[in-house]
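**Q**
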Amino acid sequence: MVHLHFFGFGDPLCRFSLEQRTGLHVAGFRPLVLDELLAWSQGIARHQHWEIEPLQQMVINRWMEQDDQIRRWQRQLANHPVEVELVAGLGSHGDWQSHWNSMLRVS
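In the working numbering, the protein residues as written are 28 to 134.
Listed below in structure tokens is the structure:
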């Protein structure tokens, strides 16, 4: 199973750092529109050999579940500097498990 998470606002350096630290597939969106999110996730699915149709349905469901929050993010993006994007991460169950486990490790 593949999971999508919206991390919040960040710039390209933050996005790159997050991708390097987590191993997740991370992208920034500005503007935040469903078509761009679907196109990005479809590209990742092809590259990872994930089933595209269930992934696309999961993305649409997540979009609908977070509709109010997404509209707030869309409005807030208009007030942020142009380099700020809404950062999202996509990964398999194992990718997310590794990410969350690494956050719990004591340094």
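Cβ atoms here follow ideal geometry from the backbone N, Cα and C, with glycine treated the same way. Source: prediction; values computed, not measured.
Helix, strand or coil: which one does DSSP assign to E112?
**A** For E112, the secondary structure class from DSSP, reduced to helix, strand or coil, is strand.
**Q** Whose CA, out of G37, V29, Q101, lies closest to the CA of L51?
**A** Residue V29 holds the alpha-carbon nearest to the alpha-carbon of L51 among G37, V29, Q101.
**Q** Is G70 helix, strand or coil when you go by DSSP?
**A** Reduced to three states, the DSSP call for G70 is helix.
**Q** Taking Cβ to Cβ, would you say V53 is nearer than 8 Å to G121?
**A** no
**Q** Report the CB separation of C41 from V109 in whole angstroms; it is logged as a contact under 8 Å.
**A** Wrong, their Cβ atoms sit about 15 Å apart, outside the cutoff.
**Q** Kindly indicate the opening and closing residues of the beta strand (DSSP E) around H30.
**A** 29 to 37
**Q** Are the CB atoms of R89 and L131 within a distance shorter than 8 Å?
**A** The Cβ atoms of L131 and R89 lie no closer than 8 Å to each other.
**Q** Can you tell me the Cβ-Cβ gap for L65 and Q93, rounded? I've got them flagged as a contact below 8 Å.
**A** Rounded, the Cβ-Cβ distance is 15 Å, inconsistent with contact.
**Q** Measure from the alpha carbon of H74 to the alpha carbon of each residue in W127, Q124, S125, S119, then state which is nearest.
**A** S119
**Q** I'd like to know whether the C-beta atoms of P58 and Q101 end up nearer to each other than 8 Å.
**A** yes
**Q** May I have the straight-line CA-CA distance separating S44 from F36, to the nearest angstrom?
**A** 13 Å
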